[in-house]
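**Q** Letter by letter, the sequence shown follows residues 2 to 162 of the numbering used here.
Here's a structure for you.
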Amino acid sequence: MQTRTKKIVALAAVGLLVVVIAFAAVITMLVRGAESHPPTLTAYSHGETVDVPPLQYCNLSLDECDQGSVTELEVPVGSPLQLSLPKDISAAPWRMIIQYQDANGNEVLEQRSYESGPNSAITIESTDDRQLLVVELQLPSSVIDEEGRSIAHAIWSIQTA
2 MQTRTKKIVA LAAVGLLVVV IAFAAVITML VRGAESHPPT LTAYSHGETV
52 DVPPLQYCNL SLDECDQGSV TELEVPVGSP LQLSLPKDIS AAPWRMIIQY
102 QDANGNEVLE QRSYESGPNS AITIESTDDR QLLVVELQLP SSVIDEEGRS
152 IAHAIWSIQT A
């Protein structure tokens, strides 16, 4: 190759390198600046579907938290509540706290724990002797309370009655 051709090829290569670096920098800034949204779950009962955003969503060390509100969905006695969970929840260990009212009017709490895995859909029954009142899903953090329990870093709450 002639000297002039070598210079042109070298300049073209340098120009291409500058464009690639600039492109990578722009993509990096866009990805860092993109808002990440906390996961939502979907609740269904008696012909109605609602998206359930978190009641509380914190980072794992619990020093930055966003607060939301309780989601309401009527679940008549005899109808189930069906929950569809995103992978952000089902792929991690999680727990569910269910509040019922028994036939005598007493409130009954039930806690279920789930390991990470394929549990992406859950059905909770509401019966005459156990009317469903509230369902709460929690993702535990690594922070432990004084009783040795893991404190939730994310909570989704559905009031059903």
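Even glycine gets a Cβ: it sits at the ideal position worked out from N, Cα and C.
If you're wondering where the values come from, they're calculated on a predicted model, not measured in any experiment.
For Leu110, does the count of other Cβ atoms within 10 angstroms reach 16, so buried, or fall short, so exposed?
**A** For the purposes of this step, residue 110 is taken as residue 109 along the sequence shown, with counting starting at 1. With fewer than 16 other Cβ atoms inside 10 Å of its own Cβ, Leu110 counts as exposed.
**Q** Can you tell me where the beta strand (DSSP E) holding Asp52 begins and where it ends?
**A** The residue given as residue 52 occupies position 51 in the sequence shown. Segment 49-53, the beta strand (DSSP E) holding Asp52.
**Q** Report yes or no: do three or more beta-carbon pairs, one from the region 71-82 and one from the region 108-125, lie closer than 8 Å?
**A** yes
**Q** Expressed to the nearest angstrom, what Euclidean distance is found between the alpha-carbon atoms of Leu138 and Asp129?
**A** Start at 1 with the first residue of the sequence shown, and residue 138 comes out as number 137. Start at 1 with the first residue of the sequence shown, and residue 129 comes out as number 128. Rounded to whole angstroms, Leu138 to Asp129 spans 23 Å at the Cα level.
**Q** Rounded to whole angstroms, how far is the Cβ of Ser158 from the Cβ of Val51, which I believe are closer than 8 Å?
**A** Counting from one through the sequence shown, the residue named residue 158 turns up at place 157. Counting from one through the sequence shown, the residue named residue 51 turns up at place 50. Wrong, their Cβ atoms sit about 12 Å apart, outside the cutoff.
**Q** Flag this pair as touching only if the region 53-62 and the region 95-111 have three or more C-beta atom pairs under 8 Å; answer yes or no.
**A** no
**Q** Would you decide whether Thr6 is buried or exposed? Buried here means 16 or more other CB atoms lie within 10 Å of its CB.
**A** Here residue 6 refers to the residue found at position 5 when the sequence shown is read from its first residue. Result: exposed.
**Q** If distances are taken between C-alpha atoms only, which option among Pro55, Leu56, Val135 comes closest to Gln112?
**A** Sequence index remark: in the sequence shown, residue 112 carries index 111 (1-based). When only C-alpha atoms are compared, the closest one is Val135.
**Q** Distance, Cα to Cα, Asp89 vs Pro141?
**A** On the sequence shown, position 88 is the one that residue 89 refers to. On the sequence shown, position 140 is the one that residue 141 refers to. Asp89 and Pro141: Cα-Cα distance of roughly 13 Å.
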